[in-house]
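Residue numbers (our numbering): 55 to 119.
C-beta atoms are modelled at their ideal positions from N, C-alpha and C, and glycine is treated no differently.
Nothing here was measured: the structure is a model prediction, and the numbers come from that model.
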Amino acid sequence: MSKPCPKMERCPVFPEFRNQSALRVLQTLYCEGDFGRCARFKIASQGEVPPITLLPDGRHMKQGA
Ligand code: SF4
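This is the structure:
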């Protein structure tokens, strides 16, 4: 049983997954699934701030889409 990502509440891209249906699959795969593989989670776990547009799979989100 997978746990939700502990960074969900403060993650700036997480709300976008609800707004953009094309990204919703990422929420299922990473935020509520295997968050340890999330590119944002990995960077944040090293004490760094991930770029605002970085998606869990390493792609970058288009702003204003
Ligand atoms: S995008 Fe990554 S860091 Fe953000 S809530 Fe989802 S799994 Fe966690």
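Provide the residue(s) that pair with residue i in DSSP beta bridges, ordered along the chain.
i   : result
L77 : Paired residue(s): none; L77 is not in a bridge.
According to DSSP, simplified to helix, strand and coil, what is residue i?
i    : result
L108 : strand
Which residue from the options puts its Cα closest to that of residue i?
i    : options            : result
P110 : Y84, G101 and E102 : Y84
P66  : A76, V103 and P58  : V103
K61  : K96, M115 and T107 : K96
**Request:** Let me have the residue list for ligand 1: C-beta closer than 5 Å to any non-hydrogen atom, ordered along the chain.
**Result:** C59, K61, M62, C65, F68, Y84, C85, F89, C92, R94, F95 and P110
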